[in-house]
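Here the structure comes first, spelled out in structure tokens, and everything after it is commentary.
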Amino acid sequence: MTLSSVATATSSQSALTASQQSVRIKVSSLDKVYPSPQGDVVAVEKVSFDVRQGEFVALLGPSGCGKSTILNMVAGLLPRTGGDIRIDQDAVTLGQVNRKVGYVFQRDTVFPWRTVEANIGYGLEIAGVAKAQRGPKVEQAITKAGLTGFGKSFPRMLSGGMRQRVALMRTLIMEPEILLMDEPFGALDTHTKLEMHKTLLEIWERERQTVLFVTHDLGEALTLASRIILLSARPGRLKEDFEVPFSRPRDAVSLRETKEFGELYTHIWHSLGEEFRRTKAE
Ligand SMILES: Nc1ncnc2c1ncn2[C@@H]1O[C@H](COP(=O)(O)OP(=O)(O)O)[C@@H](O)[C@H]1O
Ligand SMILES: [Mg+2]
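Numbering-wise, our numbering comes out as the position in the sequence shown, counting from 1, plus 11.
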């Protein structure tokens with residue numbers, strides 16, 4: 012099957028499912044200007060998109076194009092200059108914690124003084140869940156993340172990939188319906204990154220959280236996402252929106268060797284490559 016026939020076949024299918032699915036994140040005409048002594052930096056300009064229930068959407072673009080800025084505004088961590096953001100139709104307000112939303116940062120943000128299990132159970136502890144109830148949940152999370160046997164270890168005894176698994180499970184244990192992820196595997200080497208892709212795919216394909224995943228890595232976006240929203244170089248504008256039609260469950264390793272993967276990679280790469288070049292030319 013050619014790429015275009017794959018795209019046509021799935022776009023009619025997804026149009027059907029899309030109309031049945033509810034919008035969880037709605038971003039409309041979003042703007043962000045950072046004031047700076049050298050003058051205003053327009054980071055994001057008129058960005059609009061929806062993320063529906065159970066979708067895994069990758070926000071893809073070159074470094075500095077405004078991906079983190081957008082994600083932080085969606086999370087309510089950063090004020091916007093203009094536009095509107097809704098989660099389940101409620102306006103996102105600065106600094107207001109939404110219990111439905113979980114956030115995984117690029118840098119592993121585990122506490123060095125807490126063991127793996129105390130890190131993973133942190134959110135539950137803060138939420139007042141008793142130790143007896145936390146225990147089995149933490150144990151389950153440790154197994155899911157492939158960290159069996161490391162519950163009593165401290166972060167300094169773990170590799171970067173393992174620490175990022177801890178950070179991931181610390182968020183997932185709170186059972187967020189909506190997951191915001193900012194290049195969570197960006198600091199990992201290629202092999203470890205693939206391992207993380209396998210783990211995340213296994214979890215997501217079972218639990219189907221609604222995900223907005225920021226990355227500059229096209230291979231990563233194609234491996235994980237159901238849809239890719241491509242942003243332009245700064246100021247970040249919405250450039251294109253691609254369906255990723257590969258069937259699930261996906262195998263993070265063998266998927267990359269398929270013809271369909273290669274074709275879609277090349278197709279999007281042309282568009283992304285233009286933006287990388289614009290970033291470099293600045
Ligand atoms: N606090 C800030 N003040 C001024 N400029 C900023 C600030 N934060 C980010 N920027 C600029 O905004 C643009 C987008 O940044 P960011 O959202 O971090 O990009 P990305 O996550 O895509 O790499 C970049 O040019 C960056 O330098
Ligand atoms: Mg960023």
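Built from N, CA and C at the ideal position, the CB exists for glycine as well.
None of the values given here were measured: they were computed from a predicted structure.
Report, in whole angstroms, the separation of the C-beta atoms of K148 and L158, which I expect to be a contact under 8 Å. For the purposes of this step, residue 148 is identified with residue 137 of the sequence shown, where counting begins at 1. For the purposes of this step, residue 158 is identified with residue 147 of the sequence shown, where counting begins at 1. That belief does not hold up - the Cβ atoms of K148 and L158 are roughly 14 Å apart, past 8 Å.
Does ligand 2 have a heavy atom nearer than 6 Å to the CB of S243? Looking up residue 243 in the sequence shown gives position 232. Checking every heavy atom of ligand 2 against the Cβ of S243, none is found closer than 6 Å.
On the CB-based measure, 16 or more other CB atoms within 10 Å of its CB, does S237 come out buried or exposed? For the purposes of this step, residue 237 is identified with residue 226 of the sequence shown, where counting begins at 1. Classification of S237: buried, given that the 10 Å Cβ count is 16 or more.
For the alpha helix (DSSP H) that T201 lies in, which residues bound it at each end? Stepping through the sequence shown from its first residue, residue 201 is reached at position 190. Note, T201: alpha helix (DSSP H), T201 to E218.
Look up R267 in the DSSP assignment and say whether it is helix, strand or coil. What you label residue 267 is simply residue 256 of the sequence shown in a count that begins at 1. Reduced to three states, the DSSP call for R267 is helix.
Quick one: measure Cβ to Cβ for S40 and G93, integer angstroms, because I've assumed they're closer than 8 Å. Taking the sequence shown and counting its residues from 1, the one referred to as residue 40 is at position 29. Taking the sequence shown and counting its residues from 1, the one referred to as residue 93 is at position 82. Right, the Cβ-Cβ distance comes to about 7 Å (below 8 Å), so this counts as a contact.
Within the present structure, is the beta-carbon of K270 separated from the nearest heavy atom of ligand 2 by less than 6 Å? Translated into the one-based positions of the sequence shown, residue 270 becomes position 259. Not under cutoff, so the answer is no.
Leaving out five residues on either side along the sequence, give the residues of the same chain with a beta carbon under 7 Å from the beta carbon of R91. The sequence position of residue 91 within the sequence shown is 80, counting from 1. Excluding residues within five positions, the ones whose Cβ falls inside 7 Å are L41, D42, K43 and M84.
Given a cut-off of 7 Å, decide if D193 and S79 are closer than it, judged by their beta-carbon atoms. For the purposes of this step, residue 79 is identified with residue 68 of the sequence shown, where counting begins at 1. For the purposes of this step, residue 193 is identified with residue 182 of the sequence shown, where counting begins at 1. For S79 and D193, yes; Cβs fall inside 7 Å.
Taking buried to mean at least 16 other C-beta atoms within 10 Å of its own C-beta, is G113 buried or exposed? The residue labelled residue 113 in the question sits at position 102 within the sequence shown. Buried: at least 16 other Cβ atoms inside 10 Å.
Counted within 10 angstroms of its Cβ, other Cβ atoms place P256 as buried (16 or more) or exposed: Taking the first residue of the sequence shown as 1, we reach residue 256 at position 245. By the neighbour-count rule (16 or more Cβ atoms within 10 Å), P256 is buried.
Say yes only if the C-beta of S47 is nearer than 6 Å to one or more non-hydrogen atoms of ligand 1, and no if none qualify. Position 36 of the sequence shown, counting from 1, holds the residue named residue 47. Answer for S47: yes, Cβ within range of ligand 1.
Check whether the segment 167 to 179 touches the segment 102 to 109, taking contact to mean three or more Cβ pairs, one atom from each stretch, closer than 8 Å. no
Where does V103 fall in DSSP's three states? Position 92 of the sequence shown, counted from the start, is the residue given in the question as residue 103. V103: coil per DSSP, three-state reduction.
In this structure, does DSSP put I184 in helix, strand or coil? Within the sequence shown, residue 184 is the residue found at index 173, counting from 1. Three-state DSSP puts I184 in coil, outside helix and strand.
Among the candidates F224, L235, T221 and L229, whose CA atom is the shortest distance from the CA of T210? Working through the sequence shown from its first residue, we reach residue 210 at position 199. The candidate whose alpha carbon is nearest that of T210 is L235.
If you draw a straight line from the C-alpha of D95 to the C-alpha of V38, how long is it? Working through the sequence shown from its first residue, we reach residue 95 at position 84. Working through the sequence shown from its first residue, we reach residue 38 at position 27. Distance between the alpha carbons of D95 and V38 is about 6 Å.
Less than 6 Å between the CB of K78 and some heavy atom of ligand 2, yes or no? Position 67 of the sequence shown, counting from 1, holds the residue named residue 78. For ligand 2, at least one heavy atom lies less than 6 Å from the Cβ of K78.
Hey, out of R288, V121, T290 and V58, whose CA is closest to P166's CA? Locating residue 166 in the sequence shown gives position 155, where the first residue counts as 1. It is V121.
Note down the Cα distance separating S16 from E271, rounded to an integer number of angstroms. Taking the sequence shown and counting its residues from 1, the one referred to as residue 16 is at position 5. Taking the sequence shown and counting its residues from 1, the one referred to as residue 271 is at position 260. With a pLDDT of 42 at S16, under the threshold of 50, the modelled position of that residue is not reliable, and the figure given next carries that caveat. Each residue's Cα considered, the two are about 11 Å apart.
Assuming L241 and S282 form a contact by the criterion Cβ under 8 Å, report the distance between their Cβ atoms to the nearest whole angstrom. Taking the sequence shown and counting its residues from 1, the one referred to as residue 241 is at position 230. Taking the sequence shown and counting its residues from 1, the one referred to as residue 282 is at position 271. Contact flag correct, Cβ pair sits at about 6 Å.
Does the beta carbon of G75 fall short of 6 Å from some heavy atom of ligand 1? Residue mapping note: residue 75 aligns to position 64 of the sequence shown, counting from 1. True, at least one ligand heavy atom lies under 6 Å from that Cβ.
Contact test: V44 Cβ vs ligand 1 heavy atom, cutoff 6 Å: Mapped onto the sequence shown, residue 44 falls at position 33. Not so, every heavy atom of ligand 1 lies at least 6 Å from the Cβ.
When you compare each of S258, D252, E218 and D262 to H278 by their alpha carbons, which one comes out closest? What you label residue 278 is simply residue 267 of the sequence shown in a count that begins at 1. Minimum Cα distance to H278 is reached at D252.
Beta strand (DSSP E) containing K250: first to last residue? Counting from one through the sequence shown, the residue named residue 250 turns up at place 239. L249 to E254 is the extent of the beta strand (DSSP E) around K250.
Is it right to say A26 is buried, meaning 16 or more other beta carbons lie within 10 angstroms of its own, or is it exposed? In the sequence shown, the residue the question calls residue 26 occupies position 15. Only weak support is given to the placement of A26: the predicted model assigns it a pLDDT of 49, under 50, and the question is left unresolved by the model.
Just the Cα atoms here: how many angstroms apart are G77 and T290? Residue 77 sits at position 66 when you count from the first residue of the sequence shown. Residue 290 sits at position 279 when you count from the first residue of the sequence shown. Cα-Cα distance, rounded: 12 Å.
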